[in-house]
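Colleague: In this text, residue positions in the sequence shown follow the numbering used here: the first is 1, and each later residue adds one.
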Amino acid sequence: MTQPKISDVRDALIAPPGAKFNLSKRDSGDRSLFEDKGDAKDSLKEDADAINELQDKLYANRDRALLVVLQGMDTAGKSGVIRNVFAETSPLGMQVRAFKAPSKTELAHDYLWRIHDAVPRKGRIGIIDRSHN
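1. Counting pairs of Cβ atoms below 8 Å between the stretch 73-93 and the stretch 102-116, do you hit three or more?
2. Can L44 and V9 be called in contact, C-beta distance under 9 Å?
3. Within the 9 Å Cβ cut-off, does S103 reach chain C?
4. What would DSSP say about V85, mapped onto helix, strand or coil?
5. Could you have a look at D129 and say whether DSSP puts it in helix, strand or coil?
6. Taking the Cβ atom as the reference point for each residue, do Y59 and G126 lie within a distance shorter than 9 Å?
7. Let me know if G93 comes out buried or exposed under the rule of 16 or more other beta-carbons within 10 Å of its beta-carbon.
8. Can you check whether the CB of V119 is closer than 9 Å to the CB of A65?
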């Protein structure tokens, strides 16, 4: 099977800027983009390779950073997304941070205090496994 076009993936998975988005209206079992699991895995490998190339450029230029925030209930697959989507990316250019309930020290500071350490330096990709709040 041929891979879906980027525009098909974008239209199926990404809400347009400013558009209202109701997650409960999304079918979590939707399999319409790929005929079978093998096709999806092939596409994921290609995407992971592309992310690695882009991360190499990001690291070399060191003029900006990328912050990815994954939000979901326990067992929603956040760690699996990190493992698979960033499988080909060098750990030298990435940092992953998981937030649990705030500690007493964190609660004694302002709302964003504990996020500062998780923000990636220029040239790196920072991934937050569950938001800081």
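C-beta: ideal position from N, C-alpha, C; glycine also.
Modeller: So, to answer that:
1. The stretch 73-93, when compared against the stretch 102-116, does not touch it at the 8 Å Cβ threshold.
2. For the purposes of this step, residue 44 is taken as residue 44 along the sequence shown, with counting starting at 1. For the purposes of this step, residue 9 is taken as residue 9 along the sequence shown, with counting starting at 1. The answer is no: Cβ separation not under 9 Å.
3. Absent from the structure: chain C. Only one protein chain is present.
4. For the purposes of this step, residue 85 is taken as residue 85 along the sequence shown, with counting starting at 1. Note: V85 maps to helix in three-state DSSP.
5. If you number the sequence shown from 1, residue 129 lands on position 129. Strand at D129.
6. Taking the sequence shown and counting its residues from 1, one reaches residue 59 at position 59. Taking the sequence shown and counting its residues from 1, one reaches residue 126 at position 126. Not closer than 9 Å, so no.
7. Position 93 of the sequence shown, counted from the first residue, corresponds to residue 93. By the neighbour-count rule (16 or more Cβ atoms within 10 Å), G93 is buried.
8. For the purposes of this step, residue 65 is taken as the residue at position 65 of the sequence shown. For the purposes of this step, residue 119 is taken as the residue at position 119 of the sequence shown. Result yes, Cβ atoms of A65 and V119 sit closer than 9 Å.
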